[in-house]
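**Student:** One gets the working numbering by counting positions in the sequence shown from 1 and adding 8 to each.
Here it is, the structure, as structure tokens.
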Amino acid sequence: MALKSINPTTTKAWNSLKSHLETIKNEHMSHWFAQDKERADKMTIQWDDFYVDYSKNRWTHETIDLLLQLAKEVDLKNAISKYFSGDIINQTEGRAVAHVALRDPNYVDFFVEGENVMPEVKRVKDQIKQFTENVVGQKFKGFTDKPFTDIVNIGIGGSDLGPAMVVDSLQYYKNHLTTHFVSNVDGDHVNEILKKLNPETTLFVIVSKTFTTQETLSNATTIKNWFLNYGSQEDIAKHFVAVSTNIAKVKDFGIAEHNIFPMWDWVGGRFSLWSAVGLSISLSVGYENFESLLSGANKMDEHFKNEEFDQNLPVILALLSVWYNNFFNVESQAILPYSQYLNQFATYLQQAIMESNGKSVDRSGNKVNYQTGTIIWGEPGTNSQHAFFQLIHQGTKLIPADFIGFAKSLYGDKDHQDKLMSNFIAQTEALLNGKTKEQVVSELQDQKLSEEEIKQLTPYKIFEGNKPTTTILIKKLTPESLGKLIALYEHKIFVEGVIWNIFSYDQYGVELGKQLANTILKELNVDGVATEHDASTNNILKYYKSL
Ligand code: F6P
9 MALKSINPTT TKAWNSLKSH LETIKNEHMS HWFAQDKERA DKMTIQWDDF YVDYSKNRWT
69 HETIDLLLQL AKEVDLKNAI SKYFSGDIIN QTEGRAVAHV ALRDPNYVDF FVEGENVMPE
129 VKRVKDQIKQ FTENVVGQKF KGFTDKPFTD IVNIGIGGSD LGPAMVVDSL QYYKNHLTTH
189 FVSNVDGDHV NEILKKLNPE TTLFVIVSKT FTTQETLSNA TTIKNWFLNY GSQEDIAKHF
249 VAVSTNIAKV KDFGIAEHNI FPMWDWVGGR FSLWSAVGLS ISLSVGYENF ESLLSGANKM
309 DEHFKNEEFD QNLPVILALL SVWYNNFFNV ESQAILPYSQ YLNQFATYLQ QAIMESNGKS
369 VDRSGNKVNY QTGTIIWGEP GTNSQHAFFQ LIHQGTKLIP ADFIGFAKSL YGDKDHQDKL
429 MSNFIAQTEA LLNGKTKEQV VSELQDQKLS EEEIKQLTPY KIFEGNKPTT TILIKKLTPE
489 SLGKLIALYE HKIFVEGVIW NIFSYDQYGV ELGKQLANTI LKELNVDGVA TEHDASTNNI
549 LKYYKSL
């Protein structure tokens with residue numbers, strides 16, 4: 009059964025939120041903290057090893073109540089139950105959205121179009137486990153009987169970003185294998201990686217849900233040809249495995265049937281790291297850690313499915329996003345992990361969030377008359393403090409930011425960790441309170457500046473504050489806590505999509521460019537000048553061909 013189609017702007021709550029905004033939009037959060045000593049306590053959720061403080065945001069309890077009312081009016085409860093029962097909620101592609109089934113440690117029956125998918129999920133997980141143990145345990149070897157030293161994941165989009173982010177984030181837990189990721193069709197990418205590899209000791213994992221993606225097939229072909237300079241056609245079976253729904257195409261490519269890890273059309277690419285798409289994760293950190301990642305996500309699934317909305321992390325974070333996006337007309341959101349391990353987290357979320365909710369047609373086929381998907385960007389702190397924080401503190405744009413931190417460091421260096429976390433905490437304090445004119449003047453007086461100098465400098469040194477942040481403080485970065493964090497954002501995406509009345513699980517917007525690139529690719533390889541395009545495109549093509 010399909011998701012309901014309710015234009016959120018027609019709800020009572022939406023209208024109330026509009027007028028409510030007028031009453032609070034110019035208020036400074038610091039006043040709310042002064043007025044209500046319990047604000048921080050009331051606006052913090054402690055769940056498992058997560059401490060989420062959303063009090064430093066431009067909203068009040070009344071705002072939250074109205075947003076919860078909005079969630080009710082768009083029937084979020086009903087949507088969640090459809091999500092978790094395998095309904096065809098990816099309606100435009102005629103598919104269920106069932107990545108949650110992949111991480112249920114108890115393999116409770118999960119039906120997609122009348123079929124219990126769990127036996128198959130379990131079979132493929134056993135296949136991942138066996139394969140991982142054989143490679144990591146050096147039972148499987150290369151064509152000259154040497155154990156594997158390197159893994160190369162060949163994929164793009166969801167077949168690259170999720171596994172790449174997780175492998176990088178969990179590098180502390182990795183084994184002896186070095187994992188590489190080839191994604192871009194830019195030949196320099198694959199060649200730079202090949203340069204580092206020994207064909208005798210490298211295992212290639214080709215990941216493509218469709219097995220038709222230009223980038224992945226080009227890279228896989230280039231790599232296969234490179235490999236054949238050293239090994240024979242028969243040796244391919246020892247060095248190449250694939251993950252795909254398109255078994256026939258994988259076989260055509262020359263991969264042995266026993267080397268194919270299936271996936272299913274009910275797993276969306278950007279939500280697929282929990283499936284065999286995560287094979288490179290399992291190879292890199294071992295199957296047990298891969299399982300922990302999945303069980304962390306499952307704990308978040310249970311929380312999301314069962315918790316009351318006012319205590320429900322994905323729901324609260326999604327409501328906050330809707331509040332900024334649709335009422336404050338904020339355009340972007342920053343993701344700021346205070347952990348170098350989460351270096352690729354914002355990049356990963358860009359696909360998860362922007363490919364899902366960058367839509368402008370609603371679930372009734374009408375153009376929406378309100379804003380949808382936010383722009384996601386970010387970099388780890390403290391590096392980002394020395395790059396773009398200036399704009400967040402004193403620029404003209406309002407940028408809500410998620411500060412994600414871990415209380416314990418993995419190597420246990422207290423000195424560094426305290427410095428890191430003092431920055432983490434101080435930044436949200438600075439963004440909240442800012443610095444007043446009086447404070448600036450008094451500081452400059454202490455520095456013995458002249459009256460004239462103080463007058464001139466003061467405006468530049470004032471911080472207005474009132475900049476929203478949400479603190480997500482997690483005890484420690486482990487496979488399990490990372491699983492929870494990723495699932496938190498996955499469900500946030502779902503809730504936003506439900507409220508915005510859009511289809512979050514298709515991605516037709518990436519097709520047009522692909523089609524045109526195919527046409528242009530053909531034109532690049534024939535003589536003559538293209539005239540079929542607009543004048544600018546014709547000129548660029550002509551110039552490129554002339555070089
Ligand atoms: O860029 C569009 C897209 O379809 C993504 O959604 C997907 O993750 C990526 O391409 C790769 O697709 P595939 O796994 O089929 O190669």
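A virtual CB, placed ideally from N, CA and C, is assigned to each residue, including glycine.
1. Rounded to the nearest angstrom, what separates T230 and L520 at their Cα positions?
2. Does the Cβ of V258 lie closer than 7 Å to at least one heavy atom of the ligand F6P?
3. State the DSSP-derived secondary structure class of A556, mapped to helix, strand or coil.
4. Would you mind working out which of W40, L452, L344 and E498 sits nearest Q435, comparing C-alpha positions?
5. Check whether the Cβ of G403 sits closer than 7 Å to any heavy atom of the ligand F6P, and report yes or no.
6. According to DSSP, simplified to helix, strand and coil, what is F312?
7. What three-state label does DSSP hand R103 in the structure shown?
8. CB-CB under 6 Å to E81, same chain, minus the five flanking residues each way: which ones, in chain order?
9. Could you give the residue range of the beta strand (DSSP E) that holds T187?
10. Per DSSP, what kind of secondary structure is F248 in: helix, strand or coil?
11. Could you tell me which uninterrupted beta strand (DSSP E) segments, each at least 3 residues in length, are contained entirely in the stretch 455-508, listed from first to last along the chain?
12. Across the stretch 353-369 and the stretch 526-539, are there enough close Cβ pairs to call them in contact, namely three or more that are closer than 8 Å?
13. Using the Cα positions of I501 and F189, report the straight-line distance between them to the nearest angstrom.
14. Just to confirm, is the Cβ distance from A104 to D95 under 8 Å?
15. For the ligand F6P, is there any heavy atom lying closer than 7 Å to the beta carbon of T559?
16. Just reading off the beta strand (DSSP E) that S269 is part of, what are its end residues?
17. Might you give, ordered along the chain, the residues of its own chain that have their beta carbon closer than 7 Å to the beta carbon of N365, omitting 5 neighbours on each side?
18. State the DSSP-derived secondary structure class of N34, mapped to helix, strand or coil.
19. Using 7 Å as the cut-off, classify the Cβ of T221 as near or not near the heavy atoms of the ligand F6P, replying yes or no.
20. Would you tell me roughly how many angstroms separate the C-alpha atoms of H424 and Q348, rounded to the nearest one?
21. Is V518 near the ligand GTP - that is, is its Cβ less than 7 Å away from at least one heavy atom of it?
22. Do T218 and the ligand F6P come close, with the Cβ less than 7 Å from some heavy atom?
23. Expressed to the nearest angstrom, what Euclidean distance is found between the alpha-carbon atoms of R371 and Y516?
24. Let me make sure I understand the geometry here. Which of V120, N86 and N114 has the alpha-carbon closest to that of G102?
25. What are the boundary residues of the beta strand (DSSP E) that W274 is part of?
26. With 16 other CB atoms within 10 Å as the buried threshold, where does K217 fall?
27. So does I164 have its beta carbon nearer than 7 Å to some heavy atom of the ligand F6P?
28. Under 8 Å by Cβ, that's how I've got D61 and T479 pegged, so tell me the actual separation to the nearest angstrom.
29. Looking at E498 and A395, is the spacing between their C-beta atoms short of 8 Å?
30. In chain order, what residues of the same chain lie with their CB nearer than 6 Å to the CB of L418, ignoring the 5 residues before and after it?
31. For a quick check, are the C-beta atoms of A342 and G403 less than 8 Å apart?
**Tutor:** According to the data block:
1. Taking the sequence shown and counting its residues from 1, one reaches residue 230 at position 222. Taking the sequence shown and counting its residues from 1, one reaches residue 520 at position 512. Distance between the alpha carbons of T230 and L520: 26 Å.
2. Position 250 of the sequence shown, counting from 1, holds the residue named residue 258. For V258, the CB stays at least 7 Å from every heavy atom of the ligand F6P.
3. Examination of residue 556 is not possible in this model, given that the chain is present from 9 through 555 alone.
4. Start at 1 with the first residue of the sequence shown, and residue 435 comes out as number 427. Out of W40, L452, L344 and E498, L344 has the C-alpha closest to the C-alpha of Q435.
5. Along the sequence shown, one-based indexing puts residue 403 at 395. With a cut-off of 7 Å, the C-beta of G403 is classified as distant from the ligand F6P, since no heavy atom of the ligand falls inside that distance.
6. As a working note, residue 312 is residue 304 in the sequence shown. Shown here, F312 sits in a helix according to DSSP, grouped into three states.
7. Taking the first residue of the sequence shown as position 1, residue 103 is located at position 95. In the three-state reduction of the DSSP assignment, R103 falls in the strand class, which pools E and B.
8. As a working mapping, residue 81 is identified with position 73 in the sequence shown. Contacts found: T19 and A21.
9. Here residue 187 is taken as the residue at index 179 of the sequence shown, counted from 1. That run of the beta strand (DSSP E) goes T186 to V190.
10. To locate residue 248, count along the sequence shown from 1; it is residue 240. Here F248 sits in strand by DSSP.
11. The stretch 455-508 contains these whole beta strand (DSSP E) runs: 477-484.
12. Contact fails: fewer than three Cβ-Cβ distances are below 8 Å.
13. Numbered from its first residue, the sequence shown carries residue 501 at position 493. Numbered from its first residue, the sequence shown carries residue 189 at position 181. Spanning the two alpha carbons is a distance of roughly 26 Å.
14. Taking the sequence shown and counting its residues from 1, the one referred to as residue 104 is at position 96. Taking the sequence shown and counting its residues from 1, the one referred to as residue 95 is at position 87. Yes, the Cβ-Cβ distance between A104 and D95 is below 8 Å.
15. Not covered by the structure: residue 559. The range shown for the chain is 9 to 555.
16. As a working note, residue 269 is residue 261 in the sequence shown. According to the sequence shown, residue 269 is Phe rather than Ser. Boundaries of the beta strand (DSSP E) around F269: I268 to P270.
17. Translated into the one-based positions of the sequence shown, residue 365 becomes position 357. So the list reads T380, G381, I501, E504, G505, W508, I510 and S512, once near-sequence residues are dropped.
18. The residue labelled residue 34 in the question sits at position 26 within the sequence shown. N34 falls in the coil class under three-state DSSP.
19. Taking the sequence shown and counting its residues from 1, one reaches residue 221 at position 213. Annotation for T221 indicates a beta carbon within 7 Å of some heavy atom of the ligand F6P.
20. Against the sequence shown, residue 424 aligns to sequence position 416. Against the sequence shown, residue 348 aligns to sequence position 340. Cα-Cα distance, rounded: 12 Å.
21. In the structure shown, the ligand GTP is absent; the only ligands present are the ligand F6P.
22. Your numbering for residue 218 matches position 210 in the sequence shown. It does: the Cβ of T218 is within 7 Å (strictly closer) of some heavy atom of the ligand F6P.
23. Here residue 371 corresponds to residue number 363 of the sequence shown, with the count starting at 1. Here residue 516 corresponds to residue number 508 of the sequence shown, with the count starting at 1. So the alpha carbons of these two residues sit roughly 14 Å apart.
24. Taking the first residue of the sequence shown as 1, we reach residue 102 at position 94. Ranking V120, N86 and N114 by Cα distance to G102 puts V120 first.
25. As a first step, residue 274 is located in the sequence shown; it is residue number 266 there, counting from the start. Counting along the chain, W274 sits inside no beta strand (DSSP E), nor does DSSP assign it H or E at all.
26. Looking up residue 217 in the sequence shown gives position 209. K217 comes out buried.
27. By one-based count along the sequence shown, residue 164 stands at place 156. Yes - the ligand F6P has a heavy atom lying nearer than 7 Å to the Cβ of I164.
28. Translated into the one-based positions of the sequence shown, residue 61 becomes position 53. Translated into the one-based positions of the sequence shown, residue 479 becomes position 471. Right, their Cβ atoms sit about 4 Å apart.
29. Position 387 of the sequence shown, counted from the first residue, corresponds to residue 395. Position 490 of the sequence shown, counted from the first residue, corresponds to residue 498. For the pair A395 and E498, the CB atoms are not nearer than the 8 Å cut-off.
30. Here residue 418 refers to the residue found at position 410 of the sequence shown. Around L418: Y180.
31. Locating residue 342 in the sequence shown gives position 334, counting from the first residue. Locating residue 403 in the sequence shown gives position 395, counting from the first residue. Going by beta carbons, A342 and G403 fall outside the 8 Å limit.
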